[in-house]
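Enquirer: Starting off with a structure, shown below.
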Amino acid sequence: MTSQQKETVKAKMAKLKQARTERGGRLHGVYRAVIDMVAFYLNEETTFVEEGVLDSEQHLVIMENFFASGGPQAIIFNCAKRSLPSHDSGRFFSGVPKDSTARRVIVSDCSDIDLSGMSVLVYRISENRQSSEDLMYAVFQIDDENASIISYVYFLHDLVTKPQLGRTSTWGEMNRTIKGPENKKNFLDDFAGYVNFLKMTKTDLDGAVKFETDKKLYDMLKEPEKLIKQVTNISVVNWAETIVRSWMKKMEWCCPAAGVDTE
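Here you go:
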């Protein structure tokens, strides 16, 4: 790299660092109050959460929209092991391999990510968007191996919908009719039963037998053209056979326990 190229790289890094510093300047009181609470629920230092927030302009935009009129009613802070942030984040990791991973926080409105690891859902219970006092927090964890749409729906209703239904007093005409209290109780009981059904379904799905796959191997064999190329590659064949044997052992272990004959 020539001296001119080095100077260009230094100038670009300085610009990215400055942009990160400017993002930090936008984290005023109410934002920092939310970050403090998220750090508390994640059992992490506040700076750990803040570093993740500052990694992306999009994170700041999501938080700003959350407090803006007409913005979303909820956002999520997700903490999981993922690839290191790009240089655009203004955070640099010298001497670290490009494919390295680390636990870090991202902010999302849930429209663009698959959740894994620990998450803190931040949602509002009033339209007062200038205060953090009316915000609620719900913590949940989703294991990559046990993630399913049922898990998401269960956590949403158990941690958010059910508690809010239990504490709300806004039931409209139901509060002014003779049958109102009874209908309200029946509805809450039915909803609690529905949430319990989701819980039991999630438990059953979590306990289902799963066959581990190797993503790297899968990518090598998932297309017919790639598969044909690898059929004579002994190391790849041995690799696939090892995985299949592990599946067979799992079936041998699970089927007798369930009363199924594997012969």
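Going by our numbering, the first residue of the sequence shown is number 48, and it counts up by one from there.
Note that CB positions come from ideal geometry on N, CA and C, so glycine has one too.
Excluding five sequence neighbours on each side, which residues of the same chain lie with their C-beta closer than 6 Å to the C-beta of Arg67?
Expert: Within the sequence shown, numbered from 1, the residue matching residue 67 stands at position 20. Result list for Arg67: Leu101, Gly137, in chain order.
Enquirer: Can you give me the C-alpha to C-alpha distance between Asn58 and Met267, rounded to a whole angstrom?
Expert: For the purposes of this step, residue 58 is taken as residue 11 along the sequence shown, with counting starting at 1. For the purposes of this step, residue 267 is taken as residue 220 along the sequence shown, with counting starting at 1. Sequence inspection shows Ala at residue 58; the Asn mentioned does not correspond to that position. The straight-line gap from Cα to Cα measures roughly 40 Å.
Enquirer: Given a threshold of 16 other Cβ atoms within 10 Å of its Cβ, counted over all protein chains shown, does Lys249 qualify as buried or as exposed?
Expert: Taking the sequence shown and counting its residues from 1, the one referred to as residue 249 is at position 202. Answer is buried; the Cβ neighbour count reaches 16.
Enquirer: Could you check the C-alpha separation between Thr148 and Pro132 for me, to the nearest Å?
Expert: Sequence index remark: in the sequence shown, residue 148 carries index 101 (1-based). Sequence index remark: in the sequence shown, residue 132 carries index 85 (1-based). Roughly 9 Å between the two C-alpha positions.
Enquirer: Let me make sure I understand the geometry here. Which of Arg150, Ile290, Ser130 has the alpha-carbon closest to that of Met312?
Expert: There is simply no residue 312 to check, as the chain begins at 48 and stops at 310 in what is shown.
Enquirer: Look at the alpha carbon of Met295 and the alpha carbon of Thr94, and state the distance between them as a whole number of angstroms.
Expert: Working through the sequence shown from its first residue, we reach residue 295 at position 248. Working through the sequence shown from its first residue, we reach residue 94 at position 47. Distance between the alpha carbons of Met295 and Thr94 is about 47 Å.
Enquirer: Could you tell me whether the Cβ atoms of Leu264 and Trp286 are closer together than 8 Å?
Expert: Position 217 of the sequence shown, counted from the first residue, corresponds to residue 264. Position 239 of the sequence shown, counted from the first residue, corresponds to residue 286. In contact: Leu264 and Trp286 (Cβ atoms closer than 8 Å).
Enquirer: Along the chain, where does the beta strand (DSSP E) that runs through Phe202 open and close?
Expert: For this step, residue 202 is matched to residue 155 along the sequence shown. Taken as a continuous stretch (DSSP letters only), Phe202 belongs to no beta strand (DSSP E), being part of the alpha helix (DSSP H) at 196 to 203.
Enquirer: In chain order, what residues of the same chain lie with their CB nearer than 7 Å to the CB of Ser198, ignoring the 5 residues before and after it?
Expert: The residue given as residue 198 occupies position 151 in the sequence shown. Counting only Cβ-Cβ distances below 7 Å, and skipping sequence neighbours, we find Ile189, Lys249.
Enquirer: Mind checking Gly117: buried by the 16 CB within 10 Å criterion, or exposed?
Expert: Taking the first residue of the sequence shown as 1, we reach residue 117 at position 70. Label assigned to Gly117: exposed.
Enquirer: Is Tyr241 buried or exposed, if buried means 16 or more other CB atoms sit within 10 Å of its CB?
Expert: Indexing the sequence shown from 1 puts residue 241 at position 194. With fewer than 16 Cβ atoms within 10 Å of its Cβ, Tyr241 is classed as exposed.
Enquirer: Could you check how far apart the C-beta atoms of Ser155 and Ile122 are, in whole angstroms? I think they sit under 8 Å.
Expert: Numbered from 1 along the sequence shown, position 108 holds the residue referred to as residue 155. Numbered from 1 along the sequence shown, position 75 holds the residue referred to as residue 122. Rounded, the Cβ-Cβ distance is 7 Å, consistent with contact.
Enquirer: Within 10 angstroms of the Cβ of Ile82, are there 16 or more other Cβ atoms? Answer buried if so, exposed if not.
Expert: Against the sequence shown, residue 82 aligns to sequence position 35. Burial call: buried.
Enquirer: Which value, in whole angstroms, describes the spacing of the CA atoms of Val283 and Glu259?
Expert: The count along the sequence shown starts at 1 and reaches residue 283 at position 236. The count along the sequence shown starts at 1 and reaches residue 259 at position 212. So the alpha carbons of these two residues sit roughly 17 Å apart.
Enquirer: Could you check what DSSP says for Ser292 in three-state terms: helix, strand or coil?
Expert: By one-based count along the sequence shown, residue 292 stands at place 245. The sequence shown places Arg at residue 292, rather than the Ser named in the question. If DSSP states are grouped into helix, strand and coil, Arg292 belongs with the helices.
Enquirer: Quick one: using the 10 Å Cβ neighbour count with 16 as the cut-off for buried, is Gly291 buried or exposed?
Expert: Position 244 of the sequence shown holds residue 291. The sequence as given places Val at residue 291; Gly does not occur at that position. Answer is exposed; the Cβ neighbour count stays below 16.
Enquirer: Could you check whether Val96 and Val85 sit closer than 8 Å to each other, using their CB atoms as the reference points?
Expert: Translated into the one-based positions of the sequence shown, residue 85 becomes position 38. Translated into the one-based positions of the sequence shown, residue 96 becomes position 49. A contact, by the Cβ cut-off of 8 Å.
Enquirer: Is it the case that the CB of Gln65 approaches a heavy atom of the ligand SAH more closely than 7 Å?
Expert: Looking at this structure, you won't find the ligand SAH or any other ligand, since it has none at all.
Enquirer: Do Ile153 and Asn125 have their C-beta atoms within less than 8 Å of each other?
Expert: Here residue 153 refers to the residue found at position 106 when the sequence shown is read from its first residue. Here residue 125 refers to the residue found at position 78 when the sequence shown is read from its first residue. Cβ distance < 8 Å, so Ile153 and Asn125 count as in contact.
Enquirer: Kindly indicate which residue of Glu91, Lys64, Gln277, Phe87 has the alpha-carbon position closest to the one of Glu104.
Expert: Taking the first residue of the sequence shown as 1, we reach residue 104 at position 57. Residue Lys64 is the option with its Cα nearest to Glu104.
Enquirer: For Phe261, I'd like the list of residues in its chain whose CB is within less than 7 Å of its CB, leaving aside the five on either flank, ordered along the chain.
Expert: To locate residue 261, count along the sequence shown from 1; it is residue 214. The displayed chain sequence assigns Asp, not Phe, to residue 261. Hits under 7 Å: Ile290.
Enquirer: Using only the alpha-carbon positions, how far apart do Lys297 and Asn280 sit?
Expert: Here the question's residue 297 lines up with position 250 in the sequence shown. Here the question's residue 280 lines up with position 233 in the sequence shown. Cα-Cα distance, rounded: 26 Å.
Enquirer: From the DSSP output, read off the bridge partner residues of Asn125.
Expert: As a working mapping, residue 125 is identified with position 78 in the sequence shown. Ile153, Ser166, per the DSSP bridge assignment.
Enquirer: For the beta strand (DSSP E) that Phe187 lies in, which residues bound it at each end?
Expert: As a working note, residue 187 is residue 140 in the sequence shown. Note, Phe187: beta strand (DSSP E), 182 to 189.
Enquirer: Comparing alpha-carbon positions, which option in Arg176, Arg171, Gln177 lies nearest Tyr184?
Expert: On the sequence shown, position 137 is the one that residue 184 refers to. Here the closest residue by C-alpha is Arg171.
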